[in-house]
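Protein chains: 2
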Amino acid sequence: MNQKRKAIPSMVKDPMLIQRRREQIIEAAVELFISKGFHKTTTREISQSSGFSIGTLYEYIESKEDVLYLVCDDIHRKMEERLREIIVEEATTVHMLRSAISGFMRVIDEMQDRVLLIYQEIKSLPKEQMTYVLQKEQEITGYFEEILRRGMEDGSLHIDEKSIFLMAHNIVVLGEMWTFRRWALQKKYTLEQYTEIQTSLILRELIP
Amino acid sequence: MNQKRKAIPSMVKDPMLIQRRREQIIEAAVELFISKGFHKTTTREISQSSGFSIGTLYEYIESKEDVLYLVCDDIHRKMEERLREIIVEEATTVHMLRSAISGFMRVIDEMQDRVLLIYQEIKSLPKEQMTYVLQKEQEITGYFEEILRRGMEDGSLHIDEKSIFLMAHNIVVLGEMWTFRRWALQKKYTLEQYTEIQTSLILRELIP
DNA sequence: ATTTACTGAGTAACCGCTCAGTCAGGGTAT
DNA sequence: ATACCCTGACTGAGCGGTTACTCAGTAAAT
């Protein structure tokens with residue numbers, strides 16, 4: 003079920019160096035992909051912004067798509083890290099859900115360019131790597147599934163087993179739309195207003 | 003406010019012929035863009051699938067991006083057409099909203115590849131044309147804004163002016179996510195199940 | 001004879017990726 | 001201490017291939 007991420011081969015021996023150089027690559031590539039898109043960014047640009055030559059770039063990756071994969075994986079990794087900081091125990095499951103939602107919205111807002119990047123460029127990944135990235139996206143909704151299930155079990159949330167999965171996806175999408183509909187939403191609402199209205203929508207369904 | 007769509011210049015004189023050929027171009031290009039993506043589709047492929055040579059293709063457009071623009075515009079046009087069929091008067095505003103939502107879901111489902119195409123390739127459009135396409139997307143949510151406002155005014159829907167805009171966007175996004183999250187949703191739910199859960203989510207917020 | 005639509009080989013530019021070669025650091029034989 | 005070689009990271013000109021777009025020419029209709 004749970005597929006391990008494909009390790010990208012490298013010509014370089016020193017694992018620490020690989021990690022350091024790949025961090026450079028990711029840092030340079032995210033910025034370029036955000037501002038120009040994956041297809042319009044050249045490998046030459048990536049290597050230059052990383053601070054070394056194309057030759058060296060290809061010592062650490064095998065193809066341009068590998069860079070996109072590294073970038074997507076890094077974004078998800080950071081996202082999950084922030085989520086784990088935000089999802090903490092609270093007095094009641096309802097309070098926990100509330101704070102998880104508003105925390106999630108803040109994370110989305112902080113990382114909006116990166117969230118958007120994944121939405122827009124995921125399709126350019128080779129099939130296997132795309133599957134892995136989508137799985138990571140599923141893991142993120144998993145955090146909300148867990149809270150919902152707990153609320154169902156302790157009786158504080160009004161939801162049936164069949165709807166949990168969809169409701170968790172709804173929470174994630176209602177968060178992420180803050181980025182991919184920002185051309186409309188961010189003109190009309192502050193993040194706080196947005197969070198409040200969306201939270202009320204979700205909770206009104208869950209609290210009878 | 004309302005920006006007219008930029009007319010794409012053509013070398014050909016006969017306006018009827020322009021229309022006919024552009025329909026051919028759109029029909030061929032949609033299929034190619036859906037299966038290969040915009041960037042991986044070549045202009046040669048588009049012209050061949052359209053049934054004429056590259057030279058001729060460039061008599062009807064000025065750049066490859068123009069084709070993407072034609073395609074996006076056509077999809078929105080067809081979407082709006084279907085929406086107008088679906089949004090009809092009903093006994094009450096609540097009934098009207100109900101049937102509009104379920105009708106919208108059916109349209110999304112029918113056009114899912116095309117809806118997804120717009121989501122994924124819109125960013126490849128030149129700025130001006132992108133603005134126009136986003137405006138069209140706003141027009142679609144406008145249909146739901148109208149219903150919501152009417153419900154607010156006749157007292158049948160519980161919503162305030164400030165939330166109407168966001169609620170309309172929510173309806174559209176909760177519909178469109180059926181396509182861009184289909185890797186998760188369409189494995190677990192039928193369109194009918196999906197529609198029912200999402201409708202209940204929206205209506206529970208609106209009906210006190 | 002002129003206009004109009006159409007053709008497709010050609011062009012200039014670009015891009016992902018490679019590979020022959022450089023160089024610094026360190027081990028080793030003398 | 002010196003000379004020599006080896007290893008591993010790095011370099012960037014260049015290769016092979018592709019692509020968006022053009023234009024000189026054809027054919028048919030008026």
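Heads up: the protein sequence lines correspond to chains A and B, in order. Residues in the first sequence are numbered from 3 upward in steps of one, following my numbering. Residues in the second sequence are numbered from 3 upward in steps of one, following my numbering. Ideal placement from N, C-alpha and C gives every residue a C-beta, glycine not left out.
Return the Cβ separation of residue i and residue j in integer angstroms, given the expectation that the two are a contact with Cβ distance under 8 Å.
i: Arg24/A; j: Leu72/A; result: 6 Å
i: Ile48/B; j: Val32/B; result: The Cβ separation is near 10 Å, so there is no contact.
i: Val96/A; j: Gly153/A; result: 7 Å
i: Ile199/B; j: Ser65/A; result: So it is not a contact: roughly 41 Å between Cβ atoms.
i: Met81/A; j: Met113/A; result: 6 Å
To which residues of the same chain is residue i closer than 7 Å at the C-beta, ignoring the five residues directly before and after it?
i: His160/A; result: Leu208, Ile209, Pro210
i: Glu61/A; result: Ser12, Met13, Val14
i: Glu92/B; result: Met98, Ser101
i: Ala30/B; result: Ile48, Ser51, Ser52
i: Phe182/B; result: Leu118, Tyr121
i: Ala170/B; result: Thr143, Phe146, Glu147, Leu150
i: Arg84/B; result: Val109
i: Gln26/A; result: Ser52, Gly53
i: Lys138/B; result: His78
i: Leu19/A; result: none
Would you mind stating whether residue i and residue j have Cβ atoms separated by less than 8 Å?
i: Trp185/A; j: Leu136/B; result: yes
i: Thr45/A; j: Ile56/A; result: yes
i: Gln195/B; j: Lys8/B; result: no
i: Leu193/B; j: Tyr191/A; result: no
i: Ser158/B; j: Thr94/B; result: yes
i: Ser104/A; j: Thr197/A; result: yes
i: His41/B; j: His41/A; result: yes
i: Ile10/A; j: Ile63/A; result: yes
i: Val174/B; j: Val175/A; result: no
Who are the near neighbours of residue i in its chain, counting only those whose CB is closer than 6 Å to its CB and skipping five residues on each side?
i: Asn172/B; result: none
i: Cys74/B; result: Ile120, Val135
i: Asp115/B; result: Ile36
i: Asp111/A; result: Leu193
Sorted by chain position, which residues of the same chain lie with C-beta nearer than 8 Å to residue i's C-beta, five sequence neighbours on each side aside?
i: Glu67/A; result: Ser126, Leu127, Pro128, Gln131
i: Val90/A; result: Met98, Ser101
i: Leu187/A; result: Met179, Trp180, Tyr196
i: Ile124/B; result: Cys74, Met132, Val135, Leu136
i: Leu34/A; result: Thr43, Glu47, Ile48, Ser51
i: Gly39/A; result: Gln122, Glu123
i: Asp16/A; result: none
Please identify, using Cβ separations under 8 Å, the residues of the segment 177-191 of chain A that lie next to chain B, in order along the chain. Met179, Phe182, Arg183, Trp185, Ala186, Leu187, Lys190, Tyr191
At a CB distance below 8 Å, what residues from the segment 102-131 of chain A approach chain B? Give them in sequence order. Tyr121, Gln122, Lys125, Ser126
Members of the segment 153-174 of chain A near chain B, C-beta cut-off 9 Å: Lys164, Ser165, Phe167, Leu168, Met169, His171, Asn172, Val174
Report the residues of the segment 31-47 of chain A with a CB closer than 8 Å to any CB of chain B, ordered along the chain. Gly39, His41
Could you run through the segment 55-78 of chain B and flag, in chain order, every residue whose CB is less than 9 Å away from some CB of chain A? none
For the segment 78-93 of chain A, which residues have a CB atom closer than 9 Å to at least one CB atom of chain B, in sequence order? none
Listed from N- to C-terminal order along the chain, which residues in the segment 134-153 of chain B have their beta-carbon within a distance smaller than 7 Å of any beta-carbon of chain A? Leu136, Gln140
With 9 Å as the C-beta to C-beta threshold (strictly closer), list the residues of the segment 195-206 of chain A near chain B in chain order. Gln195, Tyr196, Ile199, Gln200, Ser202, Leu203, Ile204, Arg206
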